[in-house]
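S.K.:
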Amino acid sequence: MRYISAPWRADYVRKALSMKRCIFCEALKSRDDRSATVLYRGRRNFLLLNRYPYTPGHLLIAPKRHVADFADARLDERAELADLLQVALRVLRASYAPHGFNTGMNLGQSAGAGVTGHYHLHVVPRWTGDANFMPLVGATRVFIEDLDATFKKLRPLFDKEQARRERAARPKRPAPTPSR
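Letter 16 of the sequence shown, counting from 1, is numbered 29 in the numbering used here, and no numbers are missing.
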């Protein structure tokens, strides 16, 4: 078997591990969702674009609370994460029409986590044939869309989804009873 080196990934992981501040906590504190690439803020979790995407539309779902291991997540955090995964899949299907998805977490440095102190779920849209020879041999990924264009495309859909969910969560007023 031949092995091909991917040193850029090791550089990225080293940089991420040496950061003093958590990129997720920093994004959450930001008042500028666009520069922080935050697409959706839930009660317990938030959703943002991956700054180093594998494919266009590569999203991350992370808890608002700084916690390293999914095993330490609270029930309400886990439930909302699953709920936001459904929202993300719906929005990505409507905007990119992918043929499938990869979803998952890298927990710990040895598992490939670039950010080890704050767990997060990757949502990666996939298309048949999207893994061509370039990332494997040429150490190059080809994207047809930059991060800002992805943000502009997805944010309005997440805003609509958030408004729909807020309307659904409002208590319903009882119908007036007819007077006799």
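Don't be surprised by glycine CBs; every beta carbon is placed ideally from N, CA and C.
So, using beta-carbon positions, are histidine 131 and alanine 81 closer together than 9 Å?
M.R.: Yes, these two residues count as a Cβ contact at 9 Å.
S.K.: How about phenylalanine 37 and valine 128: are their beta carbons less than 9 Å apart?
M.R.: Cβ distance < 9 Å, so phenylalanine 37 and valine 128 count as in contact.
S.K.: Would a C-beta distance cut-off of 9 Å place phenylalanine 164 and leucine 88 closer than the cut-off?
M.R.: Contact: no.
S.K.: Helix, strand or coil for threonine 116? Go by DSSP, reduced to three states.
M.R.: The answer is strand: DSSP assigns threonine 116 an E or B state.
S.K.: Measure the C-alpha to C-alpha separation of alanine 182 and aspartate 172 and round it to an integer number of angstroms.
M.R.: Roughly 15 Å between the two C-alpha positions.
S.K.: Relative to the C-alpha of glutamine 175, which residue among Val104, Phe83, Leu160 and Thr68 is closest?
M.R.: Nearest C-alpha to glutamine 175: Val104.
S.K.: Any idea what DSSP makes of arginine 44, helix, strand or coil?
M.R.: Coil.
S.K.: Check this for me: beta carbons of cysteine 35 and histidine 71, under 9 Å apart or not?
M.R.: No, Cβ-Cβ distance for cysteine 35 and histidine 71 is not below 9 Å.
S.K.: What span of residues does the beta strand (DSSP E) with arginine 180 cover, start to end?
M.R.: Premise fails: arginine 180 lies in the alpha helix (DSSP H), 160 to 182, not in any beta strand (DSSP E).
S.K.: Does the distance from the C-beta atom of alanine 107 to that of leucine 170 stay below 9 Å?
M.R.: Yes, these two residues count as a Cβ contact at 9 Å.
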